[in-house]
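The sequence shown begins at 4 in the working numbering and counts up by one. In this text, a Cβ means the ideal position worked out from N, Cα and C, and glycines have one as well.
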Amino acid sequence: MAGSLHSLFAQAAADAVLLSHRTVVTLKGRTLRTEVGNRIQINNRKGDKYATVAVPFSKILKVSDLQAHITDSDGNVVAKLKPSAIRKRSLMTDEAFFQDAMELEFSLTSPRYPYVLHYSYVSQQTDFMHLTRWIPVLDTGIETRSAQLSLQVPVDCKLRYAMNQIGPPDIDEQEGIRTYTWNTRFNGEVEGELYSPPLISFVPGLWVVPLRFNYTSPGSFHSWKSYGSWQYAVNDKLQQLPAAEIQTVRSLVSGITDTLEMVRAVYHYLQDHTRYVNISIENGGLIPVAAHRVAINKYGDCKGLSNYMMALLRAVGIRSHYADVHAGNPINYINDTLPAQQFNHVILAVPLSGDTLWLDCTSKGPFNYAGTFIQHRPALLIDKEESKLVTIPALTKADVHSARTITIGCDTNTVNRLEVDCRYRGADFETISSIDRNVPVADKARVLHDYFGVKSSVSENFQVGFSHRDSAFATLKFTARSRQYIKKVAGEWHISSIPFAIPPFRKPSSRQLPVQIDVPLCFTDTQIFEIPGVVSPVKDAIADIEFTSHAGNYCRKTVVDSSGKLLIYKKFELNAGFYSQQQYPGLYDFIRRVTEVENTLLVLSANRNVL
Numbered sequence: 004m005a006g007s008l009h010s011l012f013a014q015a016a017a018d019a020v021l022l023s024h025r026t027v028v029t030l031k032g033r034t035l036r037t038e039v040g041n042r043i044q045i046n047n048r049k050g051d052k053y054a055t056v057a058v059p060f061s062k063i064l065k066v067s068d069l070q071a072h073i074t075d076s077d078g079n080v081v082a083k084l085k086p087s088a089i090r091k092r093s094l095m096t097d098e099a100f101f102q103d104a105m106e107l108e109f110s111l112t113s114p115r116y117p118y119v120l121h122y123s124y125v126s127q128q129t130d131f132m133h134l135t136r137w138i139p140v141l142d143t144g145i146e147t148r149s150a151q152l153s154l155q156v157p158v159d160c161k162l163r164y165a166m167n168q169i170g171p172p173d174i175d176e177q178e179g180i181r182t183y184t185w186n187t188r189f190n191g192e193v194e195g196e197l198y199s200p201p202l203i204s205f206v207p208g209l210w211v212v213p214l215r216f217n218y219t220s221p222g223s224f225h226s227w228k229s230y231g232s233w234q235y236a237v238n239d240k241l242q243q244l245p246a247a248e249i250q251t252v253r254s255l256v257s258g259i260t261d262t263l264e265m266v267r268a269v270y271h272y273l274q275d276h277t278r279y280v281n282i283s284i285e286n287g288g289l290i291p292v293a294a295h296r297v298a299i300n301k302y303g304d305c306k307g308l309s310n311y312m313m314a315l316l317r318a319v320g321i322r323s324h325y326a327d328v329h330a331g332n333p334i335n336y337i338n339d340t341l342p343a344q345q346f347n348h349v350i351l352a353v354p355l356s357g358d359t360l361w362l363d364c365t366s367k368g369p370f371n372y373a374g375t376f377i378q379h380r381p382a383l384l385i386d387k388e389e390s391k392l393v394t395i396p397a398l399t400k401a402d403v404h405s406a407r408t409i410t411i412g413c414d415t416n417t418v419n420r421l422e423v424d425c426r427y428r429g430a431d432f433e434t435i436s437s438i439d440r441n442v443p444v445a446d447k448a449r450v451l452h453d454y455f456g457v458k459s460s461v462s463e464n465f466q467v468g469f470s471h472r473d474s475a476f477a478t479l480k481f482t483a484r485s486r487q488y489i490k491k492v493a494g495e496w497h498i499s500s501i502p503f504a505i506p507p508f509r510k511p512s513s514r515q516l517p518v519q520i521d522v523p524l525c526f527t528d529t530q531i532f533e534i535p536g537v538v539s540p541v542k543d544a545i546a547d548i549e550f551t552s553h554a555g556n557y558c559r560k561t562v563v564d565s566s567g568k569l570l571i572y573k574k575f576e577l578n579a580g581f582y583s584q585q586q587y588p589g590l591y592d593f594i595r596r597v598t599e600v601e602n603t604l605l606v607l608s609a610n611r612n613v614l
């Protein structure tokens, strides 16, 4: 829904109701005009957050005639929005220090419940690529009782649309104008769950695009190839570099004969000499900043940096492709039957003999690292004449394999000392890298403890390491003290191994949505328990365990050596994939078994020889 009040898909209780929503979209000449009106019933204090309205605008998207008032339960107007109460603010993100998209924001509430907030506004634009992206939902836990979209276009305007949870439109023609009308409602009963697919796929939504568009220059959504040709033509005019920059990059690769190493050197140059700023694709700024401006200013967004990197590679004779993706997690798969601007990020693809490099030019991470943000999803590879959808390779279990070696000793019968040595890949590697780069030194130990530290412990002496700048793994070492893992009880040693971070799935009777695991999990552990005295296991307490299902694998091997050390070797793998509600009980049963084993208490008897 244009002008979303807040995040569309945050969890919410039924504290409000969207009584009615109406959007009227009119295409006249080159001007696209959108009128939006909402009536929201606020039922209690928790629902007041839905009386905070944020309407996006930008240099491209102009907003006017923003009005609002409140009525009480008898329909009487009790408050009106004053122009002075409307605030302008930038849509800053955690990853950016600049962004061109803005918001008009206001809050209008009443102390008496229920009350109804009425608000409306008009937006206009002359550069656009879709006629509407309509999602008439406040929140997944908020009911929409009535929603209507009216789209009015000239009869010769050819368009395409994709619908989700919405029926076909009524179509009417009068005086050269074709009007499409969609009506829908939403029960407000979708709740986000662990590893659920994007919640947008469970709410009513509509995407309408013109077959031909004009966004700085004419283009076509007839096919992915035609759209890519438009993007190529736009970008090609923005590839010029200053002569000094060309000389710099050519000197940089002078003497390097391997193409892969040439690309690596140029990518490192990009990382070391530019900064990332965020200019929203969705709310404007679809055209990249010219490469010469990035070279001079030393910053850019994903589009500008990718175009700049492409120009640098072209200057040293290496071909590359601008590539549009929908980044983020969970993976929001694009509708491949609807050629359209469905993307929110740009990367660079560099074809080599028998392989393709995938470069996220906004990243300070390893060279050719297609991490969790972009892996295993469609990308539109931009080419002059042969643009096409391709799939970025998926992270494998080897790519995400994280290993821990944990030594646990016993200073007394109650205090355990731990030495932890971890080697992290995948999502954990990305998190450690982000903490190491972005968290102030004074806060780093606390943040690392909260994320990676041993629970119920005092952790200290954190050391983060990377073998080199393009390393796709990180090491983390620390020490800790705890009372949780070795305990002496009535002449026996009670041992609790440190469990893996197993996803806490709900019971099948409580699960409502399918499961989408985009990246596999692969953990291995070596845990060494140094226990005072010579010990032996109580019968069957530490038998080897191994089981496999379609969801993954688990094994645990336990050994007590002649010196009395208890050695536990564990491995857990969870397969990536889509698990339907019919397949969910099998996934849950596998996780339940793993969790039971992980939480099993191991018992050893003291003062016995083990021979």
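task = Round the Cβ separation of L84 and F109 to the nearest angstrom and send it over; I've been treating them as touching at under 8 Å.
result = By one-based count along the sequence shown, residue 84 stands at place 81. By one-based count along the sequence shown, residue 109 stands at place 106. Between L84 and F109 the beta-carbon gap is near 6 Å, inside 8 Å, which marks them as a contact.
query = What three-state label does DSSP hand A330 in the structure shown?
reply = Within the sequence shown, the letter at position 327 stands for residue 330. When secondary structure is reduced to three states using DSSP, A330 falls in the coil class, being assigned neither helix nor strand.
ask   = Does the segment 307-319 come close enough to the segment 330-340 to have 3 or more Cβ pairs within less than 8 Å?
value = Counting C-beta pairs with one atom in each stretch, the segment 307-319 and the segment 330-340 have fewer than three that are closer than 8 Å, which means they do not touch.
query = Run through DSSP, which three-state label would H379 get?
reply = To locate residue 379, count along the sequence shown from 1; it is residue 376. The answer is coil: DSSP assigns H379 none of H, G, I, E or B.
task = Mark R322 as exposed unless 16 or more other C-beta atoms lie within 10 angstroms of its C-beta, in which case mark it buried.
result = Your numbering for residue 322 matches position 319 in the sequence shown. R322 comes out exposed.
key: Beta-carbon proximity check, T143 vs G208, cutoff 9 Å   = Taking the sequence shown and counting its residues from 1, one reaches residue 143 at position 140. Taking the sequence shown and counting its residues from 1, one reaches residue 208 at position 205. Going by C-beta atoms, T143 is not nearer than 9 Å to G208.
E495 vs S608 beta-carbon contact at 9 Å = The residue given as residue 495 occupies position 492 in the sequence shown. The residue given as residue 608 occupies position 605 in the sequence shown. Contact: yes.
query = Within the chosen definition, does the segment 156-172 reach the segment 202-219 through at least 3 CB pairs nearer than 8 Å?
reply = Between the segment 156-172 and the segment 202-219 there are three or more inter-stretch CB-CB distances shorter than 8 Å, so the stretches are counted as touching.
Residues bridged to I520 (per DSSP) = In the sequence shown, the residue the question calls residue 520 occupies position 517. The partner list for I520 (beta bridge, DSSP) reads G580.
inquiry  = Going by C-alpha to C-alpha distance, which of T365, L273, A554 and F346 sits closest to G231?
reply    = Stepping through the sequence shown from its first residue, residue 231 is reached at position 228. Comparing Cα-Cα distances from G231 to each of T365, L273, A554 and F346, the minimum goes to F346.
query = Can you tell me whether DSSP reads E146 as helix, strand or coil?
reply = Start at 1 with the first residue of the sequence shown, and residue 146 comes out as number 143. Reduced to three states, the DSSP call for E146 is strand.
query = Secondary structure at F101, three-state DSSP: helix, strand or coil?
reply = Here residue 101 refers to the residue found at position 98 when the sequence shown is read from its first residue. Summary for F101: the model assigns pLDDT 40, below 50, so the residue's position carries little reliability; its value from the coordinates is reported in the next sentence. DSSP places F101 in coil when its eight states are reduced to three.
ask   = Closest by CA to I571, which one among N578, A579, K560 and G580?
value = Here residue 571 corresponds to residue number 568 of the sequence shown, with the count starting at 1. Nearest C-alpha to I571: K560.
ask   = When the Cα atoms are used, what is the spatial distance from D363 to G307?
value = In the sequence shown, the residue the question calls residue 363 occupies position 360. In the sequence shown, the residue the question calls residue 307 occupies position 304. About 12 Å.
inquiry  = Only counting the same chain, and skipping five residues up and downstream in sequence, which positions put a Cβ closer than 6 Å to that of Q155?
reply    = Indexing the sequence shown from 1 puts residue 155 at position 152. Here the set comprises T29, I180 and T182.
query = Would you report the Cα separation of I350 and P172, rounded to the nearest angstrom?
reply = Residue mapping note: residue 350 aligns to position 347 of the sequence shown, counting from 1. Residue mapping note: residue 172 aligns to position 169 of the sequence shown, counting from 1. C-alpha separation (whole angstroms): 37 Å.
request  = Compare the Cα-Cα distances from A554 to each of P588, Y270 and A343 and report the closest residue.
outcome  = Numbered from its first residue, the sequence shown carries residue 554 at position 551. A check of alpha carbon separations from A554 across P588, Y270 and A343 identifies P588 as the nearest.
request  = Look at the alpha carbon of V403 and the alpha carbon of D431, and state the distance between them as a whole number of angstroms.
outcome  = Counting from 1 along the sequence shown, the entry for residue 403 is found at position 400. Counting from 1 along the sequence shown, the entry for residue 431 is found at position 428. Computed Cα separation, rounded: 8 Å.
ask   = Which residues mark the beginning and the end of the alpha helix (DSSP H) in which Y587 is found?
value = As a first step, residue 587 is located in the sequence shown; it is residue number 584 there, counting from the start. Residues Y587 to E601.
query = Would you call Q128 buried or exposed, if buried means 16 or more other Cβ atoms sit within 10 Å of its Cβ?
reply = Here residue 128 refers to the residue found at position 125 of the sequence shown. The residue in question, Q128, is buried, as its Cβ has 16 or more Cβ neighbours within 10 Å.
inquiry  = Could you give the first and the last residue of the continuous beta strand (DSSP E) run that contains G40?
reply    = By one-based count along the sequence shown, residue 40 stands at place 37. Per DSSP, G40 belongs to the beta strand (DSSP E) from T34 to I45.
ask   = Rounded to a whole number of angstroms, what is the C-alpha to C-alpha distance between E38 and L69?
value = On the sequence shown, residue 38 is found 35 positions in, with the first residue counted as 1. On the sequence shown, residue 69 is found 66 positions in, with the first residue counted as 1. Going from the Cα of E38 to the Cα of L69 covers about 10 Å.
request  = Compute the beta-carbon to beta-carbon distance between I531 and T359, rounded to the nearest angstrom, for a pair I have assumed lies under 8 Å.
outcome  = Your numbering for residue 531 matches position 528 in the sequence shown. Your numbering for residue 359 matches position 356 in the sequence shown. So it is not a contact: roughly 43 Å between Cβ atoms.
task = Kindly indicate which three-state DSSP category F455 falls into: helix, strand or coil?
result = By 1-based counting over the sequence shown, the position of residue 455 is 452. In the structure shown, F455 sits in a helix (DSSP, three-state: H, G or I).
N- and C-terminal bounds of the beta strand (DSSP E) containing E422 = One-based indexing of the sequence shown puts residue 422 at position 419. E422 -> beta strand (DSSP E) spans N419 to Y427.
task = Measure the C-alpha to C-alpha separation of S67 and W361 and round it to an integer number of angstroms.
result = Taking the first residue of the sequence shown as 1, we reach residue 67 at position 64. Taking the first residue of the sequence shown as 1, we reach residue 361 at position 358. Roughly 42 Å between the two C-alpha positions.
request  = Return the first residue and the last residue of the beta strand (DSSP E) that M312 is part of.
outcome  = Against the sequence shown, residue 312 aligns to sequence position 309. Unbroken run through M312 is the alpha helix (DSSP H), C305 to A318; no beta strand (DSSP E).
query = What residue does the beta strand (DSSP E) around N556 start on, and which one ends it?
reply = Sequence index remark: in the sequence shown, residue 556 carries index 553 (1-based). Where N556 is concerned, the enclosing beta strand (DSSP E) stretches over G555 to V563.
query = Are there 16 or more other CB atoms within 10 angstroms of the CB of K542, so buried, or fewer, so exposed?
reply = Walking along the sequence shown from the start, residue 542 turns up at place 539. Unreliable positioning characterises K542 in this predicted model, as indicated by a pLDDT of 48, which lies under 50. The coordinate reading is nonetheless provided below. Flag for K542 reads exposed.
query = Which residues bound the alpha helix (DSSP H) around V403?
reply = Taking the first residue of the sequence shown as position 1, residue 403 is located at position 400. Looking at the DSSP string, the run of the alpha helix (DSSP H) that includes V403 is K400 to V403.
message = Taking 8 Å as the limit between beta carbons, can you name the residues of its chain near Y454, skipping five residues before and five after?
response = Translated into positions along the sequence shown, residue 454 becomes position 451. For Y454, where only same-chain residues beyond five positions count, the Cβ hits under 8 Å are T434 and I438.
Cβ distance (whole Å) where H24 is taken to contact P139 below 8 Å = Stepping through the sequence shown from its first residue, residue 24 is reached at position 21. Stepping through the sequence shown from its first residue, residue 139 is reached at position 136. Rounded, the Cβ-Cβ distance is 5 Å, consistent with contact.
Cβ separation of A318 and V252, assumed to be a contact under 8 Å, to the nearest whole Å = Start at 1 with the first residue of the sequence shown, and residue 318 comes out as number 315. Start at 1 with the first residue of the sequence shown, and residue 252 comes out as number 249. With a Cβ gap of about 5 Å, A318 and V252 count as contacting.
message = Nearest by alpha-carbon distance to L255: which of Q243, H271, P245 and L244 is it?
response = Mapped onto the sequence shown, residue 255 falls at position 252. Cα-wise, what sits closest to L255 is H271.
ask   = Which value, in whole angstroms, describes the spacing of the CA atoms of D424 and H276?
value = On the sequence shown, position 421 is the one that residue 424 refers to. On the sequence shown, position 273 is the one that residue 276 refers to. Each residue's alpha carbon lies about 34 Å from the other.
ask   = Quick one: Cα of A373 to Cα of L398, how far?
value = The residue labelled residue 373 in the question sits at position 370 within the sequence shown. The residue labelled residue 398 in the question sits at position 395 within the sequence shown. Those two C-alpha atoms are separated by around 8 Å.
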